[in-house]
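Structure, as structure tokens:
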Amino acid sequence: AAPAPAAAPAAPKAAPAPAAASTPAPAGANVISAPMPGTILDIKVSVGQSVNAGDVLCILEAMKMENEIMAPAAGKVVAINTSKGASVNTGDALISLG
């Protein structure tokens, strides 16, 4: 009886990880996530566009400051997982690079 209740709390803790990964992104994609909660003010790239490390992908407004979300590495934009004006939370997928 003790192992069953112990397994039950473990299942809910595992649930948030698949929920975050459920955003459609091609296998092997480098998913750029929101570093903090805020609002997407602008998206600077489009699907299929090649980007270099340090290129601005989008602008995230948080605490009345505009934060540039930059590409961590060179790649090609394979998916845009947000839209202008969208409210995002920490960890939400913004853009996927391939």
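Each step along the sequence shown adds one to the number in full-length UniProt numbering, with nothing skipped, and position 92 is 92. All C-beta atoms in this analysis are idealised placements derived from N, C-alpha and C, irrespective of residue type, glycine included.
In whole angstroms, what separates the C-alpha of residue i from that of residue j?
| i | j | result |
| --- | --- | --- |
| Val-88 | Ile-40 | 7 Å |
| Ala-21 | Gly-28 | Summary for Ala-21: the model assigns pLDDT 38, below 50, so the residue's position carries little reliability; its value from the coordinates is reported in the next sentence. Distance between the alpha carbons of Ala-21 and Gly-28 is about 12 Å. |
| Ser-83 | Ser-33 | 13 Å |
| Leu-97 | Lys-64 | 27 Å |
| Asn-30 | Asp-55 | 15 Å |
| Ile-95 | Asp-42 | 12 Å |
| Pro-35 | Asn-81 | 15 Å |
Are there 16 or more other CB atoms within 10 angstroms of the CB of residue i, so buried, or fewer, so exposed?
| i | result |
| --- | --- |
| Glu-61 | exposed |
| Gly-91 | exposed |
| Gly-38 | buried |
| Gly-75 | buried |
| Val-47 | exposed |
| Gly-85 | exposed |
Residue i and residue j look like a contact to me (Cβ under 8 Å); what is the Cβ gap, rounded to whole Å?
| i | j | result |
| --- | --- | --- |
| residue 126 | Ala-93 | A query on residue 126 cannot be resolved here, the shown segment of the chain reaching from 1 to 98 and no further. |
| Val-78 | Val-51 | In fact, because the Cβ distance is near 11 Å, the residues do not count as touching under 8 Å. |
Could you spell out where the beta strand (DSSP E) holding residue i opens and where it closes?
| i | result |
| --- | --- |
| Met-65 | 65-70 |
| Thr-39 | 38-43 |
| Val-31 | 30-33 |
| Ala-62 | 56-62 |
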